[in-house]
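Residue numbers (full-length UniProt numbering): 1 to 568.
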């Protein structure tokens, strides 16, 4: 297929905090060194910020390095943390607040801001464009261009294909975007990052990456229940027995409250539904006191890369780099990834500008990384997630308290958990079935009404972007062994087991199906089938991570498709 081609010095896939910080820093360094470096950022969302979702508590360290005058530049940081609580939820109705000394120092938040990460990315895109960066939203990067052992860019997705993959009247082929260096900044479980890691074997020396699914709802609450700057973190119920993770509630400006739950994806009970656990959470008095009589105005979910230092792949390869959550730079001990993603992008900028000046084929990111505070911060937090995975919330939390508050991250030991999240499920028939209460429509809700608040749009007549390697596995393996957990781990109702009437030929004197036989008659039998409601997908990528057979590949739909978060 003949495609148009555009060429740049640097191509960045993803307009999140890592990608946009890299773009800005490249242009800043180019101006200082009087170099002319062309930079393009391609973003699959309909606009910058449309697919961005985070809690979010924000550490300003990287922002202050990138734009020291960020306040006068109008960065959207309006609500500083004024009160910081961490509570242990002992049951569905009780909790107690932990003393500050009992909370690892890394989880103290008094110097941080409560923000909308989507709005911060929109602001960063404005700064990038003012520096001369070309930002193209609504274009998904479909596949990397790898030639002669080197990444040379990406091809954007074809537009105007029908469900069968045939060209419609409005068909437009994707464009080749070629560059000397391509930075992959797609966020957690990036589909191109996954391919690049596999192709170059970038994770061959690391332990398995680990993930969580994070939920967020934005609520408008009565003014008398609103305390701007209040941060509440919770652990324990409802995840005491079934999973590890934690909850949060942040008071932003304008009588808005963000509430959410993070569920580690190494949970073992296939009957667990992270979405239902989140809905249960909001009925706890610790949270309901702030949400009652309020109105839910937005909902979303996304995967979080949380393996930390031990799970970092090699981030450099011929022709490109992995940055931000595509690599897994989140600091699990702080439960923050924005400032680290930004710094990784800035370090990538330094290494790429250096490589362009020296005309080398490999950008030496590792050198810049090891000389930075980012390396030190991630190294000190290296055991946090792995300790909780191995020893649970209480055991792992105790180790984290020792390492972060007493040893200041200088523990002489390493804790690693090398079992990937998709391998942790127990068999359904040996696991306890969980009965979840029906939503009340006031504090708790069903999936479809929640998905509606994500402002999702997908072109209906297009190829399914959730691809099964085998259509038989969901029924013959996942349903048989695990009661098909995709029905429960998906936060958007994408996957359903439905009964379909199928005609089979049966011999009147036998119970076995026959391809063709005399004296046989058709019989209609209901058979289970996995139905994929791809239009509901909110691009969290949990299915790609947690499917026990690794049978699901998340790929981007037509550019611009997916959620349209206004200020998440």
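Don't be surprised by glycine CBs; every beta carbon is placed ideally from N, CA and C.
- Going by C-alpha positions, residue 319 is about 11 Å away from residue 148.
- Shown here, residue 336 sits in a strand according to DSSP, grouped into three states.
- In this structure, residue 208 sits away from residue 245, with a CB-CB distance that is not shorter than 8 Å.
- In the three-state reduction of the DSSP assignment, residue 499 falls in the strand class, which pools E and B.
- Scanning its chain for C-beta atoms nearer than 7 Å, with the 5 sequence neighbours on each side dropped, one finds around residue 199 the residues 146, in chain order.
- Setting aside the 5 residues that flank it on each side, residue 357 is surrounded in the same chain by 33, 35, each with a C-beta closer than 8 Å to its C-beta; the list follows chain order.
- By the CB criterion at 8 Å, residue 286 and residue 89 fall inside the cutoff.
- Bounds of the beta strand (DSSP E) holding residue 214 are 211-220.
- As summarised for the segment 262-317, the continuous beta strand (DSSP E) elements at least 3 residues long and confined to that stretch are 295-305, given in chain order.
- The C-alpha of residue 40 is placed about 17 Å away from the C-alpha of residue 157.
- Below 8 Å, too few C-beta pairs join the segment 381-400 and the segment 348-357 to call them touching: fewer than three.
- When secondary structure is reduced to three states using DSSP, residue 525 falls in the strand class.
- Taking a C-beta distance under 8 Å as the contact criterion, residue 306 and residue 210 qualify as a contact pair.
- Residues 439, 444, 445 of the same chain have their beta carbon placed closer than 7 Å to that of residue 279, with the five preceding and five following residues left out of the count.
- For residue 252 and residue 413, the gap between their C-alpha atoms comes out near 39 Å.
- For residue 233, the three-state secondary structure derived from DSSP is strand.
- Separation of the CB atoms of residue 50 and residue 436 is rounded to 30 Å, and the pair is thereby denied contact status at 8 Å.
- Counting every other CB atom within 10 Å of its CB across the protein chains shown gives residue 31 a total below 16, marking it as exposed.
- Contact between residue 303 and residue 456 is absent: CB atoms are separated by about 17 Å, not below the 8 Å threshold.
- The shortest C-alpha to C-alpha distance from residue 338 to any of 115, 3, 92, 95 is the one to 115.
- In this structure, 94 is the residue among 94, 496, 160 with its C-alpha nearest to the C-alpha of residue 238.
- Distance from the Cα of residue 484 is smallest, within the candidate group 117, 537, 425, for 425.
- Beyond the five residues adjoining it in sequence on each side, residue 136 comes within less than 8 Å, by CB distance, of 40, 41, 42, 43 in the same chain, given in chain order.
- With respect to the C-alpha of residue 177, the residue from 168, 139, 206 having the closest C-alpha is 139.
- Cα atoms of residue 134 and residue 196: separation of roughly 24 Å, rounded to the nearest angstrom.
- Along the UniProt domain "4Fe-4S ferredoxin-type" (528-557), the beta strand (DSSP E) occurs as fully enclosed runs of 3 or more residues at 552-554, listed in sequence order.
- The alpha-carbon of residue 73 is positioned some 13 Å away from that of residue 128.
- Note that the C-beta distance between residue 55 and residue 258 is below 8 Å.
- Burial is judged here by how many other beta carbons sit within 10 angstroms of a residue's own beta carbon; residue 141 has at least 16 and is buried.
- Beta-bridge pairing by DSSP links residue 151 to 146.
- In the same chain as residue 417, and ignoring 5 residues on each side of it, the C-beta atoms closer than 6 Å to its own belong to 386, 389, 390, in chain order.
- Fewer than three pairs of CB atoms, one per stretch, sit closer than 8 Å, so the segment 162-172 makes no contact with the segment 111-125.
- Spatial neighbours of residue 470 in its own chain (CB-CB distance under 7 Å, excluding positions within 5 residues in sequence) are listed in chain order as 551.
- Residue 12 sits away from residue 188, with the two beta carbons spaced by 8 Å or more.
- Among the bridge pairs identified by DSSP, residue 30 is matched with none.
- In the three-state reduction of the DSSP assignment, residue 12 falls in the strand class.
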